[in-house]
Amino acid sequence: MATPNHDHHSIADLEAVRRRLAVASIRMTTAAESGHPSTCLSCSHIVTALYFAGLMHYDPARPDMPDRDRFVLSKGHAAPILYAALAEAGILPWDELMDLRTIGSRLEGHPNMRRVPMVEASTGSLGQGLSIGVGMALAGRLAASDRRTFVLLGDGELDEGQVWEAAMAGAKYALDSLVAVVDRNGYQQMGDADAVMPTGPLAAKWQAFGWRTLEVDGHDWPEVLGSLRAARERKGRPTVIVARTRKGFGVSQILADPGNKFHGVPLKPAEAEIAIAEIDAAPYPTEAI
Ligand SMILES: Cc1ncc(C[n+]2csc(CCOP(=O)(O)OP(=O)(O)O)c2C)c(N)n1
Ligand SMILES: [Mg+2]
Numbered sequence: 002m003a004t005p006n007h008d009h010h011s012i013a014d015l016e017a018v019r020r021r022l023a024v025a026s027i028r029m030t031t032a033a034e035s036g037h038p039s040t041c042l043s044c045s046h047i048v049t050a051l052y053f054a055g056l057m058h059y060d061p062a063r064p065d066m067p068d069r070d071r072f073v074l075s076k077g078h079a080a081p082i083l084y085a086a087l088a089e090a091g092i093l094p095w096d097e098l099m100d101l102r103t104i105g106s107r108l109e110g111h112p113n114m115r116r117v118p119m120v121e122a123s124t125g126s127l128g129q130g131l132s133i134g135v136g137m138a139l140a141g142r143l144a145a146s147d148r149r150t151f152v153l154l155g156d157g158e159l160d161e162g163q164v165w166e167a168a169m170a171g172a173k174y175a176l177d178s179l180v181a182v183v184d185r186n187g188y189q190q191m192g193d194a195d196a197v198m199p200t201g202p203l204a205a206k207w208q209a210f211g212w213r214t215l216e217v218d219g220h221d222w223p224e225v226l227g228s229l230r231a232a233r234e235r236k237g238r239p240t241v242i243v244a245r246t247r248k249g250f251g252v253s254q255i256l257a258d259p260g261n262k263f264h265g266v267p268l269k270p271a272e273a274e275i276a277i278a279e280i281d282a283a284p285y286p287t288e289a290i
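Basically the numbering used here = 1-based index in the sequence shown + 1.
This is the structure in structure tokens:
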């Protein structure tokens, strides 16, 4: 049985980790002159909580441990923050992060499961990750394993019909080890996500598809931690957490125009320095978990 690790006990600790991952995502994409920093920032609390609050069970020394929990980054363009989390966990060297998107580097623009330990699925073509998660959860059942599978999706990604096929399959097979998290930042590549394709009452929709549904502020530590903790509990059906977030969280330059201008656009070096200074200067949340 896997044991929780990298289990930070205070919100201040977790916030410090989150800032390291956020800053690394900015530095990596700025150095590469390519990539998607804003999507990394919107999911920074969720990714940090999963890997470093004991909410996902894994052992960095044994990335292939059969009973490890699985994490599928279905919104694969957020690869930089996944690589930063793997560096923080000791699975990748920090120095290597700056190789992002360079020719020959295993840190490709979208995660490659054949090249990077603990990248559980090769993603980037949006819409596929939840189906992969369904397969992983079914496989876990066959193996009589208690492992959980977490899948992180974008809200624009929900425009892909395959997501809803996977949602139906998850409910049909009562996959209560499966957790989807929707990064509901309100934007996708072409701007306002609901203008491109209105998703309507999102939580009600998942509920109608047979999922246990939680809605949280994706930048509120107690809410993020509480919902993930609740989602680990097996209740006879899959769980989705709809996390309301901000694309470019913590960086006013991006928040001023998170739509077209900053999707898939790294910050220029001078802009990156301002962004990093702003992240570092933000007041720390201090509540006890
Ligand atoms: C199947 C597919 N179509 C289009 C794209 C191009 N694309 C990359 S990111 C993106 C927008 C995704 O928006 P969302 O899911 O809301 O993620 P966010 O960046 O807001 O976190 C699109 C359309 C893709 N990667 N895959
Ligand atoms: Mg989005």
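Think of the CB as a built atom: it goes at the ideal place given N, C-alpha and C, for glycine as much as any other residue.
| task | Per DSSP, which residues does ILE242 bridge with? Please list them. | result | VAL182 and LEU215
Exercise. Any beta-carbon of chain B closer than 9 Å to the one on LEU127?
Worked result: Annotation note: the requested chain B is absent from the structure, which comprises a single protein chain.
Review point. Does the Cβ of GLY110 have 16 or more other Cβ atoms within 10 Å, making it buried, or fewer, making it exposed?
Key: With 16 or more Cβ atoms within 10 Å of its Cβ, GLY110 is classed as buried.
Open item on the list: Strictly by DSSP, which residues pair up with PHE151?
Closed with: PHE72 and VAL180
Review point. If you run the structure through DSSP and keep just helix, strand and coil, what is ASP193?
Key: ASP193: strand per DSSP, three-state reduction.
Q. Got a sec, what are the start and stop residues for the alpha helix (DSSP H) SER146 sits in?
A. SER146 -> no alpha helix (DSSP H), and no H or E assigned at all.
How far does the alpha helix (DSSP H) with LEU203 in it extend, from its first residue to its last? 203–209
(Q) Per the DSSP calculation, TYR188 is bridged to which residue(s)? (A) According to DSSP, which records beta bridges pairwise, TYR188 is partnered with ASP193.
Point to revise | C-alpha distance - GLY251 paired with THR214, whole-angstrom precision | key: 27 Å
Q) Under 8 Å from any heavy atom of ligand 1, does the C-beta of ASP1 make it? A) Lying outside 2 to 290, the shown extent of the chain, residue 1 is not represented and no answer is given.
- Task: Can you tell me which of the three DSSP states PRO156 falls into?
- Result: The amino acid occupying residue 156 in the given sequence is Asp; Pro does not appear at that position. Judged by DSSP in its simplified three-state form, ASP156 adopts coil rather than helix or strand.
Check ALA257 in the structure and name its three-state DSSP category. coil
According to DSSP, simplified to helix, strand and coil, what is PRO64? Coil, per DSSP.
- Which residue's Cα is closest to the Cα of ALA90: GLU234, ASP160, ALA80 and ALA62? ALA62
- Just to check, is the beta-carbon of SER26 closer than 8 Å to a non-hydrogen atom of ligand 2? no
Note to self: Please classify GLU121 as buried or exposed, where buried requires at least 16 neighbouring CB atoms within 10 angstroms.
What the structure shows: buried
Taking contact to mean 3 or more Cβ pairs, one atom from each stretch, closer than 8 Å, check whether the segment 177–187 and the segment 38–53 are in contact.
yes
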